[in-house]
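In what follows, a structure is listed as structure tokens, so that the remarks can point back to it.
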Amino acid sequence: MSRRSGVLEFAVLGLLHDAPMHGYELRKRLNVLLGSFRAFSYGTLYPCLKSLVAQGFLVEDNPSAEYVPATALNGKRSKIVYRLSAEGKQRFEELLADSGPDAWEDEHFGVHFAFFGQTDRAVRMRVLEGRRSRLEERLERMRSSVARTRERFDDYTLELQRHGLESVEREVRWLNELIETERANRTGRAPAPPGGSAAPHTSDGRDQADGSPDPVRSPYDRPGRSH
Numbered sequence: 187m188s189r190r191s192g193v194l195e196f197a198v199l200g201l202l203h204d205a206p207m208h209g210y211e212l213r214k215r216l217n218v219l220l221g222s223f224r225a226f227s228y229g230t231l232y233p234c235l236k237s238l239v240a241q242g243f244l245v246e247d248n249p250s251a252e253y254v255p256a257t258a259l260n261g262k263r264s265k266i267v268y269r270l271s272a273e274g275k276q277r278f279e280e281l282l283a284d285s286g287p288d289a290w291e292d293e294h295f296g297v298h299f300a301f302f303g304q305t306d307r308a309v310r311m312r313v314l315e316g317r318r319s320r321l322e323e324r325l326e327r328m329r330s331s332v333a334r335t336r337e338r339f340d341d342y343t344l345e346l347q348r349h350g351l352e353s354v355e356r357e358v359r360w361l362n363e364l365i366e367t368e369r370a371n372r373t374g375r376a377p378a379p380p381g382g383s384a385a386p387h388t389s390d391g392r393d394q395a396d397g398s399p400d401p402v403r404s405p406y407d408r409p410g411r412s413h
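Basically the numbering used here = 1-based index in the sequence shown + 186.
Written as structure tokens, this is what we have:
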């Protein structure tokens with residue numbers, strides 16, 4: 187399975203884990219979920235759905251209905267509603283638990299992060315730390331490349347390289363903040379606020395008069411989920 191199809195499989199299973207959907211609605215949800223990474227077309231989505239059905243991960247609730255693609259002219263939508271089978275739920279749980287190197291890469295990290303609310307805390311930490319490690323390696327290579335080629339490139343090319351460096355550095359800082367939050371939740375302590383001078387806040391946003399730290403809850407934890 188290619189990385190791209192693996193990402194799409196994960197995203198489809200994750201969205202259908204929340205509720206059954208027909209293909210048109212599923213495509214809209216995919217584009218909202220992963221719009222910053224890529225847009226999916228019917229030509230990409232439906233082969234994936236057919237493959238997941240063939241593998242037993244999805245069930246078609248209305249397989250007898252003829253599929254007519256939605257267009258601006260006919261306005262028709264697929265009548266087939268897709269839902270997870272028991273095997274599909276198990277497959278999604280397996281994908282959630284995957285914290286190996288593939289989960290750190292550009293193709294997979296976004297979809298893993300999108301489902302962090304359903305992911306075990308230890309897995310979240312491994313994915314975040316792995317992603318940070320991968321980006322730090324990338325930063326080192328980029329800085330070395332800029333240092334070696336600085337005199338050979340014009341100002342515009344150097345500016346483009348600087349923009350790339352800043353983008354990666356910004357993501358590393360973001361990951362550092364997320365990792366610190368996760369660690370604070372695991373140890374039961376509150377992370378220091380940026381700048382070190384802001385007053386602690388209660389969960390509803392009000393400052394605590396006595397300055398005592400409010401228990402920190404991860405933004406990815408859903409109520410009722412145990413870790």
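The C-beta atom is built at its ideal place from N, Cα and C for all residues, glycine as well.
Which listed residue (Arg318, Val239 and Leu364) has its alpha carbon closest to that of Val267: Val239
Buried or exposed by the 16-neighbour rule on C-beta atoms within 10 Å, applied to Ala333: exposed
Beta-carbon spacing of Gly200, Phe301 below 7 Å: yes
Exposure label - Gly242; buried when at least 16 CB within 10 Å: Gly242 should be labelled exposed.
Residue interval of the beta strand (DSSP E) (run including Glu337): No beta strand (DSSP E) holds Glu337; DSSP gives it neither H nor E.
Contact set for Val354: own chain, Cβ-Cβ below 8 Å, skip 5 residues either direction: Leu321, Arg324, Leu325 and Met328
Other residues of its chain near Val313: CB distance less than 6 Å, five sequence neighbours each side excluded: Ser285, Ala289 and His298
Residues sharing a beta bridge with Val239, DSSP: DSSP lists no partner for Val239.
Cα-Cα separation between Val309 and Glu279, rounded to whole angstroms: C-alpha separation (whole angstroms): 12 Å.
Endpoints, the alpha helix (DSSP H) within which Leu282 is located: Taken as a continuous stretch (DSSP letters only), the alpha helix (DSSP H) holding Leu282 covers Ala272 to Ala283.
Identity of the residue in Arg348, Arg317, Arg336 and Ser330 nearest Trp360 by Cα: Arg317
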